[in-house]
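According to mature numbering (1 follows the signal peptide of the UniProt record, and there is no 0), the stretch in the sequence shown is residues -20 to -1, 1 to 250, in order.
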Amino acid sequence: MKHTLLPLALMAALALPAAASEPVWPDLAQDLYGTRPLLDGTEHIAIDTPYRTTEDARTHVKATLAAPPGRLWGRVEVILDDNPMPVSAVFDFKAPQPRFTFDVTMRINGPTPLHVVGETTDGQLYVADTFVKTSGQGACAAPPGTDPDVALATLGQMRIAITDSAVSRVQDRLAALTARNRQVDLEISHPSHSGMQMDQISLLFIPLRYVETVDIDLDGGGYVEMTGSISLSENPRVSLSVPGRTQAVDVTMTDTDGTVSHAQATLPGY
């Protein structure tokens, strides 16, 4: 499912953290999943985020997922309930996996519940959640860290590294599974303009432009496509687990303005 962009006026209204209110998750869950059962995923999904962010505009959101016996993950969604675009990242697997780890830098607009929903290939939905506290600076409307003209000059450049997976600090039962994988670290040069940020000189809003999709192929075959949102940080970093036999990675990034860029990396000797 591709994201539907919220009207800019509504996004701007949501840009400042709201006062305490009723949880939005019940309505979000209804909108996203209808009457489909959401199963308790605490035995299968371990979320690793800071108790309180040190940098609202660039916070690592991590999770490790281990599918129930006999099942494979077909899709994983990261939902920041109170962000202006709650569905913040979606991983659609072309090659379904029994286990998966991700680490993505995101904007956390204000204190919010965070849900990770894993969908198995047979249609079962598993959900786990946590809560992230912030400084309340309204990260989605914060001024860009780089001059927009400078950012455009390097937009789309990517760096890829393939490494052995580090053992997760979260729940040993899931960490043991990640050790069997390798890890792909992807750094994307992109300003990730949210549409809510104001140019500090002209005082005009900077047009919305963010990383829309990141398509990752392994050893010449499809692996996963990540769909982004305005929740991705400026110059986002994406780390993903990949099967331990992986030798070559090809990445295609497309942004909301239609810019397409490519990068590839191989292990030495491949």
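Note that the Cβ used here is the ideal one computed from N, Cα and C, for glycine as well.
Task: Boundaries (first-last residue) of the alpha helix (DSSP H) holding residue 12 - done: That run of the alpha helix (DSSP H) goes 5 to 13.
Task: Buried versus exposed call for residue 198 [16 or more other C-beta atoms within 10 Å across all chains shown] - done: buried
Open item on the list: Let me confirm a value: residue 111 is counted as buried when at least 16 other C-beta atoms fall within 10 Å, else exposed. Which label applies?
Closed with: exposed
Open item on the list: Please report the distance separating the alpha-carbon of residue 210 from that of residue 40.
Closed with: 15 Å
TODO: List the whole-angstrom C-beta distance separating residue 133 from residue 176, where the pair is believed to meet the contact cut-off of C-beta under 8 Å.
DONE: That belief does not hold up - the Cβ atoms of residue 133 and residue 176 are roughly 23 Å apart, past 8 Å.
- [ ] Give the secondary structure of residue 156 by DSSP, where H, G and I count as helix, E and B as strand, and everything else as coil.
- [x] Caution is warranted here: a pLDDT of 49 is assigned to residue 156, below 50, making its placement in the model unreliable, and the coordinate value is therefore given only provisionally. Three-state result, residue 156: helix.
TODO: Answer yes if the region 50 to 63 comes into contact with the region 93 to 113, meaning at least three C-beta pairs across the two stretches below 8 Å, and no otherwise.
DONE: yes
Task: Nonlocal neighbours in the same chain, by C-beta distance under 6 Å from residue 56, ignoring five residues either side - done: 71, 98
Task: Residues of its chain near residue 161, where Cβ-Cβ distance is below 8 Å and the 5 sequence neighbours each way are ignored - done: 79, 81, 145, 221, 222, 223, 224
TODO: Tell whether a beta-carbon distance below 8 Å holds between residue 68 and residue 86.
DONE: Closer than 8 Å, so yes.
TODO: For the alpha helix (DSSP H) containing residue 37, list its first residue and its last residue.
DONE: No alpha helix (DSSP H) contains residue 37, which DSSP labels as neither H nor E.
Open item on the list: Please state the DSSP three-state secondary structure of residue 47.
Closed with: Reduced to three states, the DSSP call for residue 47 is coil.
Task: Nearest to residue 90 (by Cα), restricted to the options 96, 108, 118, 166 - done: Relative to residue 90, the option among 96, 108, 118, 166 whose CA is nearest is 118.
Open item on the list: If you follow the beta strand (DSSP E) that residue 247 is in, where does it begin and where does it stop?
Closed with: Neither: residue 247 is in no beta strand (DSSP E) and is coded neither H nor E.
TODO: Using 10 angstroms around the beta-carbon of residue 2, count the other beta-carbons present and answer buried if the total reaches 16, otherwise exposed.
DONE: With fewer than 16 other CB atoms across the displayed protein chains lying within 10 angstroms of its CB, residue 2 is exposed.
Task: Cutoff 8 Å; reference residue 34; Cβ partners in own chain excluding five residues on either side - done: none
Open item on the list: Here's a check: name, in chain order, each residue in its chain whose Cβ is nearer than 7 Å to the Cβ of residue 66, leaving out the five neighbours to either side.
Closed with: 8, 59, 60
Open item on the list: I need the straight-line Cα distance from residue 28 to residue 142, nearest angstrom please.
Closed with: Cα to Cα, the separation comes out at about 22 Å.
Task: Assigned exposure category for residue 77 - 16 Cβ within 10 Å defines buried - done: buried
- [ ] Could you pull the start and end residues of the beta strand (DSSP E) that residue 105 belongs to?
- [x] 105 to 112
Open item on the list: Between which two residues does the alpha helix (DSSP H) holding residue 129 run?
Closed with: 128 to 134
TODO: Measure the beta-carbon distance from residue 109 to residue 95 and round it to whole angstroms, keeping in mind my assumption that it falls under 8 Å.
DONE: Contact flag correct, Cβ pair sits at about 5 Å.
Open item on the list: Are the CB atoms of residue 136 and residue 233 within a distance shorter than 8 Å?
Closed with: yes
Open item on the list: I'd like the list of long-range same chain contacts for residue 157, defined as Cβ closer than 6 Å, with 5 residues on each side in sequence excluded.
Closed with: Low confidence applies to residue 157: its pLDDT is 48, below 50, so where it sits in the model is not reliable, and the reading given next is rough at best. Correct list, in chain order: 46, 79.
TODO: Report the option in 43, 11, 92, 44 whose CA atom is closest to the CA atom of residue 63.
DONE: Out of 43, 11, 92, 44, 92 has the C-alpha closest to the C-alpha of residue 63.
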